[in-house]
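Everything below concerns the one structure shown next.
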Amino acid sequence: MTSPSNSSPAVAPVVVVGAGLGGLATALLLADQRPVVVLAKRALDESATAWAQGGIVGVLGSDDSIASHVHDTQDAGAGLVDEHTARFIAENSARAVQWLVDAGVPFSGDPAGPLGLHLTREGGHAVRRIAHAADATGRAIQDALLARARAHPNITLRERWMAVDVVTSRHLKRAARAEQASRCWGVYALDMDHGRVETLPAAAVVLATGGVGKVYRYTSNPDTATGDGIAMAWRAGCRVGNMEFIQFHPTCLYHPKDRTFLLTEALRGEGAQLTLPSLGPGDPGGTRFMPAHDERAELAPRDIVARAIDFEMKRHGLDHVWLDARPIVRDKGEAFLKEHFPTIHARCLQLGIDIARQPIPVVPAAHYTCGGVVTDLEGRTDLPGLYAVGEATYTGLHGANRLASNSLLECVVLGRSCAERILREPPPTLPVLPPWDESQVEDADEQVVISHNWDELRLLMWNYVGIVRTTKRLERALHRIKLLRDEIDDYYANFRVNRDLLELRNLVVCAELIVRSALRRHESRGLHYSRDFPHTLPVSFPTVLTRPARSGRT
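Set out below in structure tokens:
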């Protein structure tokens, strides 16, 4: 049992859970006026942001407009994009890019380009509007903002601290609970280096924990993507929205030594083509297939490209297809390819693939969670004092499918509006928060229970709740998920927590939310494709789940 929080600091900090772009942007925009504590459950530079290759949208060029960006976002989102949200994000895109430039992000330059930037184009975009740092934009952003956060005297960075749950009014003692309105008062967080759970009082808590890609067997996401913020908010009584819409990136490297390496769609934006490998004797491979699936070919939105690859793989019994970058070499030269995609070129070369001379074996992989905790455009959830930004949220921007490079933009724009909202709110007077209670638990006897359930959950989600779905598969998945949830809840109730257990507990919550949302959607739209409901309804609405009265269950 940790020591109780008998007193609160004069001004309690804002606790930001997550150290990717959403978390760091929010923290930096708060820190001049409020103390901030940032929790990172692994190393500070391990986040989905750091893995992002493509770039960030900015409506900057003379051939671009707010209306064009909104139109492209709505088109990709397949009828479920909130137009007000899309317009708000687009209108603030230039300011967001400028803020990153001012923060020292070394974007690729072009003296003739707006703000001196080279803009590229990705699938679903009508024009070039993607600011990028070669093919490692996320790493460049992460490094620049993390350096600023480390140097800021009002920001405390805590590495290897994992949030367990938010502290709400229900955690307070009865007398205090009667006096306080329902709100978030802080977080319980596991200090992994010391093996204890601490109570962290907070003026506000911001969930910036990213998505839930690790719920699938194959994903382009880092190990941090276990849906922690979504699960914590759900357990705290917040609504979640559009969890059925999981974006599968079409082109993840298929190689035994690296199955999470992403091949950015900017490659296709510059001319790379998707082709079939050899189908048998006499067939050298190289047959292009995307034009047969969509008139936009390789520049079609990700859901269409991913389904096309899935279709061709199942049709021909393939375990991968090819992404051929040689057309870029033919049209623009090998130097252009190496200059604009140095990370991809170097990594593939390490694995024996020269992308200037050989096609790259690729498969689709779970990449982005388009749904999440329901928030407004200031990051507010249903629980006062609890905010969320980034991939952990549902704001209405992504609809049924995310437009490429809108995600980094959303992190900056809503990170700013969230920070501004928190700064407008007077810091609350915090009650005494109860300590974490370990009096009824013991050390875990067998970790194999966690690893087995982790593997089973990810495999059943891949097989039953993947790119193409059926009602029967979803029902089977839900049945097994409920059994797994009961086993995990029992384990959680009886043993001391560790990161693996907490991540599994969060993943099984998110898995159930994904399946329940998918079962509610009786159509195929965007990223959700059902063989039982192959058509798109003329009118559709977001899927919003509300947690029933507290029962201890998901």
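Residue numbers (this note's numbering): 554 to 1107. Each residue gets a CB set at the ideal place from its N, CA and C atoms; glycine is no exception.
Cα-Cα separation between tyrosine 870 and valine 570, rounded to whole angstroms: Position 317 of the sequence shown, counting from 1, holds the residue named residue 870. Position 17 of the sequence shown, counting from 1, holds the residue named residue 570. The displayed chain sequence assigns glycine, not tyrosine, to residue 870. Taking the straight line joining both Cα atoms gives about 43 Å.
- prompt: Should methionine 1028 be labelled buried (16 or more other beta-carbon atoms within 10 Å of its own) or exposed?
  reply: Looking up residue 1028 in the sequence shown gives position 475. Per the sequence shown, the amino acid found at residue 1028 is glutamate instead of methionine. Looking at its Cβ environment, which holds fewer than 16 other Cβ atoms inside 10 Å, glutamate 1028 is exposed.
message: Quick check on this structure: which residue in Ala684, Gly676, Ala656 has the alpha carbon closest to the alpha carbon of glycine 669?
response: Counted from its first residue, the sequence shown places residue 669 at position 116. Cα-wise, what sits closest to glycine 669 is Ala684.
query: Since phenylalanine 1094 is in the beta strand (DSSP E), which residue starts that stretch and which ends it?
result: Counting from one through the sequence shown, the residue named residue 1094 turns up at place 541. No beta strand (DSSP E) holds phenylalanine 1094; DSSP gives it neither H nor E.
- prompt: Between Arg1069, Val654, Pro917, Ala853, which lies nearest to glycine 824 when the distance is taken from Cα to Cα?
  reply: Against the sequence shown, residue 824 aligns to sequence position 271. The candidate whose alpha carbon is nearest that of glycine 824 is Ala853.
Glutamate 944 classed as buried or exposed, judged by whether at least 16 other C-beta atoms fall within 10 angstroms: The count along the sequence shown starts at 1 and reaches residue 944 at position 391. Flag for glutamate 944 reads buried.
query: Is the Cβ-Cβ distance between isoleucine 694 and alanine 702 less than 8 Å?
result: By 1-based counting over the sequence shown, the position of residue 694 is 141. By 1-based counting over the sequence shown, the position of residue 702 is 149. Going by C-beta atoms, isoleucine 694 is not nearer than 8 Å to alanine 702.
task: Classify aspartate 698 as helix, strand or coil using the three-state DSSP reduction.
output: Residue 698 sits at position 145 when you count from the first residue of the sequence shown. It should be noted that the sequence gives leucine, not aspartate, for residue 698. Of the three classes helix, strand and coil, the one that applies to leucine 698 here is helix, per DSSP.
Boundaries of the alpha helix (DSSP H) in which aspartate 1043 is found, first to last residue: In the sequence shown, residue 1043 corresponds to position 490, counting from 1. 1024 to 1047 is the extent of the alpha helix (DSSP H) around aspartate 1043.
As assigned by DSSP and simplified to three states, the class of arginine 595: Here residue 595 corresponds to residue number 42 of the sequence shown, with the count starting at 1. Residue state, collapsed to three classes: coil.
query: With 16 as the cutoff for other CB atoms within 10 Å, does glutamate 851 come out buried or exposed?
result: Walking along the sequence shown from the start, residue 851 turns up at place 298. By the 10 Å Cβ count, glutamate 851 comes out buried.
message: Looking at the secondary structure, which residues open and close the beta strand (DSSP E) in which histidine 802 lies?
response: Residue mapping note: residue 802 aligns to position 249 of the sequence shown, counting from 1. First-last of the beta strand (DSSP E) with histidine 802: 799 to 806.
task: Would you mind stating whether alanine 1040 and asparagine 1006 have Cβ atoms separated by less than 8 Å?
output: Numbered from 1 along the sequence shown, position 487 holds the residue referred to as residue 1040. Numbered from 1 along the sequence shown, position 453 holds the residue referred to as residue 1006. According to the sequence as given, residue 1040 is glutamate; it is not alanine. In contact: glutamate 1040 and asparagine 1006 (Cβ atoms closer than 8 Å).
query: Among all the DSSP beta bridges, which residues are the ones paired with glutamate 712?
result: Within the sequence shown, numbered from 1, the residue matching residue 712 stands at position 159. Answer is Ala593, bridged to glutamate 712.
task: Whole angstroms is fine: what's the gap from valine 1061's alpha carbon to leucine 1037's?
output: The residue you call residue 1061 lines up with position 508 of the sequence shown. The residue you call residue 1037 lines up with position 484 of the sequence shown. Their backbone Cα atoms lie some 7 Å apart in a straight line.
query: Grouping DSSP H, G and I as helix and E and B as strand, with all else coil, what is alanine 825?
result: Stepping through the sequence shown from its first residue, residue 825 is reached at position 272. Alanine 825: coil per DSSP, three-state reduction.
- prompt: Which residue from Val589, Ile609, Gly611, Val720 puts its Cα closest to that of proline 987?
  reply: Residue mapping note: residue 987 aligns to position 434 of the sequence shown, counting from 1. Of the candidates Val589, Ile609, Gly611, Val720, the one whose C-alpha sits nearest the C-alpha of proline 987 is Val720.
- prompt: Under 8 Å between the Cβ atoms of threonine 579 and asparagine 959?
  reply: As a working mapping, residue 579 is identified with position 26 in the sequence shown. As a working mapping, residue 959 is identified with position 406 in the sequence shown. No, the pair does not count as a contact, with Cβ atoms beyond the cut-off.
- request: Please state whether DSSP places glycine 835 in a helix, a strand or coil.
  value: The sequence position of residue 835 within the sequence shown is 282, counting from 1. Coil at glycine 835, not helix or strand.
field: Start and end residues, alpha helix (DSSP H) containing aspartate 744
entry: Position 191 of the sequence shown, counting from 1, holds the residue named residue 744. That residue, aspartate 744, is in no alpha helix (DSSP H); its beta strand (DSSP E) goes 737 to 744.
task: Tell whether a beta-carbon distance below 8 Å holds between alanine 918 and histidine 802.
output: Sequence index remark: in the sequence shown, residue 918 carries index 365 (1-based). Sequence index remark: in the sequence shown, residue 802 carries index 249 (1-based). Contact: yes.
query: For glycine 794, does the three-state DSSP call read helix, strand or coil?
result: Here residue 794 refers to the residue found at position 241 when the sequence shown is read from its first residue. Residue state, collapsed to three classes: strand.
query: Alpha carbon to alpha carbon, what distance is there between aspartate 929 and serine 970?
result: Working through the sequence shown from its first residue, we reach residue 970 at position 417. Working through the sequence shown from its first residue, we reach residue 929 at position 376. Their backbone Cα atoms lie some 10 Å apart in a straight line.
task: Would you kindly check if the distance between the Cβ of valine 793 and the Cβ of glycine 925 is under 8 Å?
output: Position 372 of the sequence shown, counted from the first residue, corresponds to residue 925. Position 240 of the sequence shown, counted from the first residue, corresponds to residue 793. In contact: glycine 925 and valine 793 (Cβ atoms closer than 8 Å).
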